[in-house]
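> From first to last, the protein sequence lines stand for chains A and B. Residue numbering for the first sequence follows this note's numbering, starting at 58 and increasing by one per position. Residue numbering for the second sequence follows this note's numbering, starting at 58 and increasing by one per position. We put the CB at the ideal spot given by N, CA and C, even for glycine.
Protein chains: 2
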Amino acid sequence: MKKQYQSDITGYKAAGFIGNYQELVRGTVIPYQYDVLCDKAGTEKSHVIDNFRNAAKALRGEDTGDGFYGMVFQDSDAAKWLEAAAYSLAVKPDKKLEELADELIALIASAQDKDGYINTYYTVKDREKRWTNLLEGHELYCSGHLMEAGAAYYEATGKRELLDVCLKNAEHIYERFVKNGTEGYPGHPEVELALMKLYRASGEERCLELAKHFIDVRGVDPDYYRKECERRNWSVWGANANDGTYQQSNMPVRRMNDATGHAVRAVYLYTAMADLAGELGDKELAEACGRLWDSITSRRMYVTGGIGSTVHGEAFSTDYDLPSDTAYSETCAAIGLMFFASRMLELNPDSRFADVMEQAFYNTVLSGMSLDGKSFFYVNPLESIPGISGISPTHRHCVPVRPGWYTCACCPPNVARTIMSFGKYAYGENEDTAFCHLYAAGSVKLNNGISFDCETRYPFDSKVSYSIISGGRIAFRIPHWSRSTPISVNGKPISAETVNGYAYLEVSDGDEVTLDLDCEPRFVYASQKVPSLSGKLCLCKGPLVYCFEGVDNGGDVFDLRLSPDTKITETRAEGLDGIPALEMQAEREKDDGSLYSFNEPERQKCTAKAVPYFCRANREETAMRVWLPRI
Amino acid sequence: MKKQYQSDITGYKAAGFIGNYQELVRGTVIPYQYDVLCDKAGTEKSHVIDNFRNAAKALRGEDTGDGFYGMVFQDSDAAKWLEAAAYSLAVKPDKKLEELADELIALIASAQDKDGYINTYYTVKDREKRWTNLLEGHELYCSGHLMEAGAAYYEATGKRELLDVCLKNAEHIYERFVKNGTEGYPGHPEVELALMKLYRASGEERCLELAKHFIDVRGVDPDYYRKECERRNWSVWGANANDGTYQQSNMPVRRMNDATGHAVRAVYLYTAMADLAGELGDKELAEACGRLWDSITSRRMYVTGGIGSTVHGEAFSTDYDLPSDTAYSETCAAIGLMFFASRMLELNPDSRFADVMEQAFYNTVLSGMSLDGKSFFYVNPLESIPGISGISPTHRHCVPVRPGWYTCACCPPNVARTIMSFGKYAYGENEDTAFCHLYAAGSVKLNNGISFDCETRYPFDSKVSYSIISGGRIAFRIPHWSRSTPISVNGKPISAETVNGYAYLEVSDGDEVTLDLDCEPRFVYASQKVPSLSGKLCLCKGPLVYCFEGVDNGGDVFDLRLSPDTKITETRAEGLDGIPALEMQAEREKDDGSLYSFNEPERQKCTAKAVPYFCRANREETAMRVWLPRI
């Protein structure tokens, strides 16, 4: 089969559920985020725009004003905003937004050194420190985010200025690490996947070569960071240079078996590995990706598609260590898992990759943002306990209420760009086939000529209808959770050839294709190897994981017990914009009030209500639980 | 009722279960511990004896040889050994042991400064630093342990040398903090409870006054440690001087409501508070003790009597935060809870104090030492998960196998002294009554003239028989877990007046009193407010909590499910010196091997075996679980 790629940014105009989310990001998140960049948002100052202004002054030999402020990776906030803005412009033209973006791009260009170097931290603070601290310095990380923005802005608007800044920057990096053979590789992988995007947008072979270089050299000298640390006399936050497992540098990537270390770094790295493996037909690399995929999805992933279970280093833990109440499960890590899944799909269109991509999106990624787009979670536990969550030393990271914005603002813009580029994950193509990986209402127009409209209330309804505008071969994903998925063409049931979870159909202009997924509520059970989940069950419906919140259940949810045989009906929950909830018979255990008692708790029948996990914590502060003890 | 006190050290000669444990400590632990002090044990060197030797040299103006080595509180290891040795001599004379102890005491005396100061860290390293760092410096802590040893050695042998060293040291501390009005109070409470012992052994009123002083001034200036920290220019390990909740200095002790901070420090402090409250008839202090007792036992204690649930600072967490698998539950903290319980009992002979004292002893304290007395646990989780416990970042402290000895060797000698002085916890007295708080085979001879022998296989058997040698009024504790406790005198059932869980009997010389406790195996349920235990049950029998180990259950215990209606029979477990185990019908859930599955796991009937928690981890490395999901 020919290699399949993500659809173009401009290839999907969203409607329905995704359309609404994109409107929220366009109307609320992107403008707010811009105000943050300019220190106009009334939040803690970010100084992002000022940093670029001061860097430009430094390059011109002028006084750098109030200098640099913020994290060492502060520049990436501008890049992430530009990337989200680019996707937004691709989806819906907006003159004012485009002007703001063009202005910011001009400012960024003015902060680029003659040799192509660009990073305000080093340009403003200390140019001598450039490239001396790859472990913590984030220069390659910031370059990577700029490259993603440059590629996206060029695709969306056809404007080359940022793309050219990025190409010049890539050339500078290439000179240093490939041509001059300087040792080292990024402490926070990101530039590798970004170089692949820059390569595709520009056709510049050196981008591909540079991405491959960083993948190839990583971990070959597992002591690189230790040596680097010994050479330099400064540190950003004193990262441990000897923890190769944490920074994915303990062995060459092609030998890796387990997903380890900082979860975002890990999946960003694996994304680039899978992308390169596909681009170059590198079987060894593809096999390593397969093993890492299995490590994550068979042993180290929450049912919500969340990864990186421990707060200690925002990292993967050991196999089956998946605590609900102390979960880290960072929003950005789930986004990174979507990236990885999307590249795995390109390597091999198999529904298990799309299933996980969807699981991560509809649960952990969307959980990262409130329904009004104004507050955000970094951390996505599967249980929130009033009096313990956010308070106890082991639960301090699990705040029960979404804060407005963070100093380290990685998750909010990451959610924004993911929602705005949803089409790239939902639809793929190769020369002769359109791939419908995710169900997403709206219009799709692919480069291979196939185009169609999709109508659906998914994920709240099971029916997905496609009106074919320009026909051809279309592969529809059949998710593993749908026990039967009748497909009809023009009202007539058909039986389609299904390969690796994709139903392949030849359709003609004007055809109406309808899929009826099995979205009946179902219970999920965890492996006995996850001790924290033994004897428990979790309620799902289609791609959605449900949770029980105190606010819908008379305050308490920890005394609820569920039978797998209970009948579940659809209902509404107060204050959730009409998002469907589920209602069922359950039991409550009433104890005698003592900490420990010989009295078997009495069981009382009750009605329990569950809401989709992604809309948790949108009302008052309340208890929340995903996995309930089973009766 | 007249105030009740612990029995004298010499008042109880143990037999049976406790007798065997005392033999183990006498024969194995105390000699081994002495070798550690002298660096002869083949473990990491402790340098304890050498520190005293070098301190003596420093005082004589000689070269201090190889200087000081070890923790700032290294001296306390010598004191704890001496205290255990004293109890051992009280129980069974041993010339060689007494000689070693006398020698060590002479060495310690030679390391005391003319002004009464004694601490090798400061004497050897830097005398200028004396008393400048009460927060971390541990001078008062080490003095306290020496005072406990001094009082014990005097009681056991009648020899005054160490007692006089301690009194001179107490006088030095009194001068500084009371007479000269120097600000400050101990960062690690201990000296307060020790001063109370020294006061009782010596009759020296200033010891009582000094203990009261430290209790009275504590937290009155909650900023004391911050100011101290600002004044000094050195630190032991950079403790946070602003965390008053952690060091129990955020408010005057009489206002405290919640047990907070470092668990050992907390209960050592509460012990002294309760002791003082009784001694002085201080109602306000007694009420604070009552609130702190409730805070611990109704909201912050494991079913094993373990306290201090979080590894972060070895501390109390918030209410109901009692995770099984990441529990800290330090052995020393359970010992401290026994101290506190014992003083609460003296304030008010109520069986709920003795019940908790027993719960802590038979479960967490004994769990701290292997059955052969050669290896020790600091940390006592209620679940041990192969591949996660001891490995994952959140479970690193929960090592699954007892190490031989620790650099920070607090728990092993603490277990040793507690076992050797068991009689002080088991038996109490006032002028006209003998109190049997715990059931313990052996001979008892109290100061009030009452004496008796006790015969029992407790905790493995329910029958406890007392042969009265010299009669009077005896109060027998009736534990809350014993649903009915028939008492007979000379074979005839009697009905005794029972007040606050104590049955009061007038007995005559030659009487035979028999209690038949209800030690049937029973299930315990936790409050719904402990989310990690919802839907689970725990098997108990008398004072013993049971656990399920992989080694008795075909490897895995996390797939086991238990019905509260299952019939439980007594059996044996392999390799546990004949300690009775329990056997019952259970079910195993067999899953389909995937991390998450829609397939309800199949249930298979099986036989499950449980062993007392205290003898966990005495065989091969294995899975262990106390709380099992209920069916």
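Once you ignore the five residues that flank Tyr144/B on each side, which residues in its own chain have a CB closer than 7 Å to its CB?
So the list reads Ile66, Ala209, Ala213, Arg474, Met477 and Ser478, once near-sequence residues are dropped.
> Nearest chain B C-beta to Met358/A closer than 8 Å, yes or no?
Interface residue, yes.
> Which residues, in chain order, does the region 568-587 of chain A contribute to contact with chain B at a C-beta distance below 9 Å?
Cβ contacts with chain B come from Arg579, Phe580, Val581, Tyr582, Ala583, Ser584, Gln585, Lys586 and Val587.
> If you drop the 5 nearest sequence neighbours on each side, which residues of the same chain put their C-beta closer than 6 Å to that of Thr317/A?
So the qualifying residues of the chain are Thr302 and Phe373.
> Between Leu652/A and chain B, is any beta-carbon pair separated by less than 8 Å?
Yes, Leu652/A counts as interfacial toward chain B.
> Please determine if the region 582-597 of chain A and the region 557-565 of chain A are in contact, where contact requires at least 3 C-beta pairs separated by less than 8 Å.
No, they do not touch.
> For Pro621/B, go through chain A and note every residue whose CB falls closer than 9 Å to its CB, in chain order.
Per Cβ cutoff of 9 Å: Glu657.
> With a cut-off of 8 Å, do at least 3 Cβ pairs link the region 562-581 of chain A to the region 604-615 of chain A?
No, because fewer than three Cβ pairs between the region 562-581 of chain A and the region 604-615 of chain A fall closer than 8 Å, the two stretches do not touch.
> Against chain A, does Thr451/B count as a neighbour if the rule is that its beta carbon must be under 8 Å from one of theirs?
Yes, contact with chain A.
> Can you find a C-beta in chain B that's less than 8 Å from the C-beta of Gly592/A?
Yes, contact with chain B.
> For Cys595/A, which residues of its own chain have a beta-carbon under 6 Å away from its beta-carbon, when the five flanking residues on both sides are left out?
Correct list, in chain order: Val360, Val581, Val683 and Trp684.
> Based on Cα-Cα distance, which residue from Cys264/B, Cys663/B, Ser133/B and Gly480/B lies nearest to Tyr78/B?
Closest by alpha carbon: Gly480/B.
> Whole-angstrom Cβ separation of Phe410/B and Thr328/B, contact assumed at under 8 Å?
Wrong, their Cβ atoms sit about 12 Å apart, outside the cutoff.
> Going residue by residue through the region 387-458 of chain B, where are the continuous alpha helix (DSSP H) segments of at least 4 residues, counting only ones entirely within it?
You should have 388-404 and 408-416.
> What does Tyr325/A touch in chain B if you count any residue whose Cβ is under 7 Å from its own?
Within 7 Å Cβ-Cβ: nothing; Tyr325/A doesn't reach chain B, min ~21 Å.
> I'd like the span of the beta strand (DSSP E) that includes Trp684/B, first residue to last.
Trp684 to Pro686 is the span of the beta strand (DSSP E), which, as asked, contains Trp684/B.
> Using the three-state DSSP reduction, which class does Thr303/A fall into: helix, strand or coil?
Note on residue identity: the sequence assigns Tyr, not Thr, to residue 303/A. Looking at Tyr303/A - three-state DSSP - the assignment turns out to be coil, as it is neither helix nor strand.
> Give the C-beta separation of Ser366/A and Pro380/A to the nearest angstrom, bearing in mind that I take them to be a contact with Cβ-Cβ under 8 Å.
That belief holds up - the Cβ atoms of Ser366/A and Pro380/A are roughly 7 Å apart, short of 8 Å.
> Closer than 9 Å by beta-carbon distance: list the chain B residues that pair up with Pro686/A, in chain order.
Here the neighbours are Ser591, Gly592, Lys593, Pro686 and Arg687.
> Can you check whether the C-beta of Ser259/B is within less than 8 Å of a C-beta belonging to chain A?
It does not; no Cβ of chain A falls within 8 Å.
> What residue does the beta strand (DSSP E) around Ile525/B start on, and which one ends it?
Where Ile525/B is concerned, the enclosing beta strand (DSSP E) stretches over Lys520 to Ser527.
> Look at Leu255/A and Leu224/A and say whether their C-beta atoms are less than 8 Å apart.
Closer than 8 Å, so yes.
> Is it buried or exposed, Glu563/B, if we count other Cβ atoms within 10 angstroms and call 16 or more buried?
With fewer than 16 Cβ atoms within 10 Å of its Cβ, Glu563/B is classed as exposed.
> For the region 510-517 of chain A and the region 534-544 of chain A, state whether three or more C-beta atom pairs, one from each stretch, are separated by less than 8 Å.
Touching, no, given that fewer than three Cβ pairs across the two stretches are closer than 8 Å.
> Measuring alpha carbon to alpha carbon, tell me which of Leu250/B, Lys152/B and Leu146/B ends up nearest Leu197/B.
For Leu197/B, the nearest C-alpha among the options comes from Leu250/B.
> Would you say Ile442/B reaches chain A, if we count a Cβ-Cβ gap shorter than 8 Å as a contact?
Closer than 8 Å to some Cβ of chain A, the Cβ of Ile442/B qualifies, so yes.
> Return the Cβ separation of Leu639/A and Tyr603/A in integer angstroms, given the expectation that the two are a contact with Cβ distance under 8 Å.
Contact flag correct, Cβ pair sits at about 6 Å.
> Helix, strand or coil for Met308/B per DSSP?
Three-state DSSP puts Met308/B in coil, outside helix and strand.
> Taking 8 Å as the cut-off, decide whether the C-beta atoms of Met641/A and Ala665/A are in contact.
The answer is yes: Cβ separation under 8 Å.
> So, Glu266/B versus Val310/B, is the Cβ gap smaller than 8 Å?
No, the Cβ-Cβ distance between Glu266/B and Val310/B is not below 8 Å.
> Anything in chain A within Cβ reach of Phe615/B, meaning under 9 Å, just list it in chain order.
What Phe615/B touches in chain A: Gln585, Lys586, Val587, Pro588 and Ser591.
> Taking Leu652/B as the reference, which of Ser591/A, Ser654/A and Ala168/A has the closest Cα?
Nearest of Ser591/A, Ser654/A and Ala168/A to Leu652/B, Cα basis: Ser591/A.
> List the endpoints of the continuous alpha helix (DSSP H) containing Met313/B.
Per DSSP, Met313/B belongs to no alpha helix (DSSP H) and is neither H nor E.
> Mapping the DSSP letters down to three states, classify Cys604/B as helix, strand or coil.
Looking at Cys604/B - three-state DSSP - the assignment turns out to be strand.
> Among residues of its own chain, excluding the 5 on either side of Thr571/B, which ones have a beta-carbon nearer than 6 Å to its beta-carbon?
Ser522 and Ser545.
> For the beta strand (DSSP E) containing Tyr559/B, list its first residue and its last residue.
That run of the beta strand (DSSP E) goes Tyr559 to Val564.
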